[in-house]
Every structure is written in C-alpha cells, then in structure tokens.
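Comments concern the structure below.
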Amino acid sequence: MLKALEISSHMNEKNGEVIYETGEKYNAVSLNKIKAYKNYVCYSVLAAPKSFDETDTAAWMRSVYAPVFIYNTDNKQNCEIPVPTGNGNYTTVGDVTFLQDRLLVKLYNNLSDVEGDTLNGLNKVPIYSMNYDLTDVKVWLDGVEQGKLMQSSGDYVIISDAFLQLLPDIYSVIVSGSDLTLDDILKQKTNVDIYSADGKRISRFVYPMNNKGNFNGFGPDGVNVEFQDNDNGTWSIYELNLNDVLHCQGEEVRLTRVSTR
C-alpha cells in the first residue's frame, strides 16, 4: 500500500490517502525510481505473484510485475504509464525522466537480455516522449541500449552506460568465481552522451566510475557532484559543470576537487 500525505509539521501516516495497492494477487517487493517535477511524481512498484516459485532468471523475468506510475499531486490522479503498442510481450517501462513540459519513457524488455542466468542490457529500445497526461506519444529517440541510465538537466538529456560497463565483471565474480575486487571493477570508465531536447546528440565524454558504480547526473544548477573517500581517512568533494562538457568529442573529463575534509 502506498499513501500520499500533505507536507506539514504534524504528518501522520494514518491521515494519508491511499494512491496504490498491489491487491491480493501480488506481494510488493520494493518501491523504486522515485522522481518528482513540479506537481508530478513518478515511481515504480516491483511485485511478484504470491504463488511464484522462482526457478531461474528467465522465470523471474516472466513473472515479475513492475508498473511505473505518474501521480499528480494537484488533482490526486495516479495513472500507470502504458507501454506504447507494438513493443512485444514482456516489454515494460524501464526508466522515466522529466524534460520540461514532456515526460520521457525508456522501455525495457524483460526477456531479451537473459542469457542463461545473466543479463547483458544490450537490447535496443526506443525512448518515447509524451505529455504528463500520457497523451501525444511520440518516439523521441530509437535504438538505445536498454541497460543505459537516462537523466535530465534543464533542456538536456543525459544517457550513460555505467551499468553496462560493470555487468561483465560483476557476473564474472558471481557466476565464474573471478577474484576481481570491487576496486578492480570500479576501474571501468563510463561513457556519457548529452542530447538536446529534440533528441540530437551534442556531446559525448568518458567519465571515471564513482564508488557507487553509476553516473550521478547534473543537478538543477548544472553541476555534477561526487564524494570520494581517501586512504588517509579524509574525504573529498569533486565537481563537474555541465557547461564545460556540452561540446565534447569522446575525450575523458577530469573532475575538479573543491573540498577535502
């Protein structure tokens, strides 16, 4: 059960309005991908059938229920974001981001990447653009590897592949018993593409992998911030300005250290 509460100094869960319930058929596993813009909140619910008996990765992918919703805090409407027609079975909404007055939706096919008990994230899918009321659906960009992460900052969309870079090493440890350490795995680099609002790529750069194995994106002020623990017990803050990487041609960028404590 998911509830919405008015923000106040006396918030009480009992006074919340129920906006979503899994019902009797499913058990909720987790609440994911929470993003907000103005009066809209997007979130995903991961649930599995109560009768489900997991046997392998493919069985899990066929049975998992992972709808993505958009909730309007003004009119209290909670709507499931649909998968546009023509995208085949087991295709779900994989990622969403807000691009000013439009919602971008990247799909994910739950079975296309399964190889034995592993996932590779390389299946290519479209990214759709739509209004926040889920009308006027258009293909914004096609042929994007579904394992890539999609984010936005102002008029720009950032697509990065940290997850794809890490997967081979992670599976070599889990499946093959490789002796790679976390530090070894995080030596991989992340490729980051920046797109304009009309879906044209305007920049590509290589970014050092952070200790969480992802790319944090750029905040509302256009600044990317990373924290790094140092061997001497201190920690440092690094920054990268969006304006400094809008015209890259594939080179590796260096973050600026702004503080050490």
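Position 95 (the sequence shown) corresponds to 134 in this note's numbering; numbering is contiguous.
The beta-carbon is built from N, C-alpha and C at its ideal position, and this holds for glycine as well.
Is the distance from the Cβ of residue i to the Cβ of residue j below 8 Å?
i: K187; j: L205; result: no
i: N66; j: A86; result: yes
i: V178; j: Y171; result: no
i: Q139; j: D194; result: yes
i: F257; j: G289; result: no
i: L180; j: Y234; result: yes
i: L41; j: I58; result: yes
i: M189; j: L143; result: yes
Between the Cα of residue i and those of the options, spot the shortest distance and give me the residue it belongs to.
i: Q267; options: E45, Y277, G258; result: Y277
i: N249; options: T273, D223, D232; result: D223
i: I241; options: F137, L285, V164, F108; result: L285
i: G252; options: Y246, D237, A201, L279; result: A201
i: S275; options: T299, L173, N255, E265; result: T299
i: K115; options: G216, Y79, K228; result: Y79
i: Y129; options: E63, V135, N162, S90; result: N162
i: N54; options: I46, K77, D232; result: I46
Helix, strand or coil for residue i? Go by DSSP, reduced to three states.
i: D270; result: coil
i: D172; result: coil
i: E52; result: helix
i: Q204; result: helix
i: V132; result: strand
i: V284; result: helix
i: D222; result: helix
i: L161; result: coil
i: T61; result: coil
i: R240; result: strand
i: V122; result: coil
i: M248; result: coil
i: K42; result: strand
Could you name the residues that DSSP lists as bridge partners for residue i?
i: T27; result: The structure shown has nothing for residue 27, since the chain only spans 40 to 300.
i: F137; result: L142
i: A86; result: A67, Y104
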